[in-house]
Structures are given as C-alpha cells and as structure tokens.
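Shown next, in structure tokens, is the structure this report addresses.
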Amino acid sequence: MGECAFNAMDSLLEILLTAQYSKELPRQGLIQFGYKRGEADSVAAHSFSVVLTDES
C-alpha cells in the first residue's frame with residue numbers, strides 16, 4: 011500500500027471512531043434540561059432522525 015492508501019485508511023478509521031463515540035454521547039442540551047443520561051437520546055440517534063426527516 012502506498013502512503014495515500016494509509017492516509018485514506020487513517021481518515022476512515024477516524025470517521026468510524028467518531029461515529030462510535032457519538033452513539034454513546036448523550037445530547038448535552040437534554041442533560042442540561044434535567045434528563046438523565048439513560049433518558050436522553052444520543053448524538054448519533056438525533057443526527058439519524060434529522061437526516062430521515064429532512065425535506066430536501
């Protein structure tokens with residue numbers, strides 16, 4: 011593999027790790043409004059819902 015392929019793999023790994031982290035990260039606005047961690051949806055769940063309801 012060339013250097014370019016390694017850079018692409020590093021970028022893909024970074025994206026996947028960020029996506030995994032966002033699945034576990036509760037939305038902070040809901041936490042500030044008094045929701046418990048288990049009650050608040052995750053950043054990833056919210057982002058997925060927004061994409062599904064996009065009208066464009």
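The sequence shown begins at 11 in our numbering and counts up one residue at a time. Beta carbons are placed, not taken as given, at the ideal position from N, Cα and C, and that holds for glycine.
Suppose contacts are defined by Cβ-Cβ distances below 7 Å. Is residue i in contact with residue j by that definition?
i, j, result
"Pro36", "Ala50", "yes"
Out of curiosity, what's the CA-to-CA distance linking residue i and residue j?
i, j, result
"Phe1", "Arg47", "The structure shown has nothing for residue 1, since the chain only spans 11 to 66."
"Thr28", "Met19", "14 Å"
"Thr63", "Gln30", "22 Å"
"Gly44", "Cys14", "47 Å"
Please return the same chain residues whose Cβ sits closer than 8 Å to the Cβ of residue i, not counting the five positions on each side in sequence.
i, result
"Ser52", "Ser32, Lys33, Glu34, Leu35, Pro36 and Arg37"
Would the segment 35-44 and the segment 15-27 be scored as touching if the rule is three or more Cβ pairs under 8 Å? no
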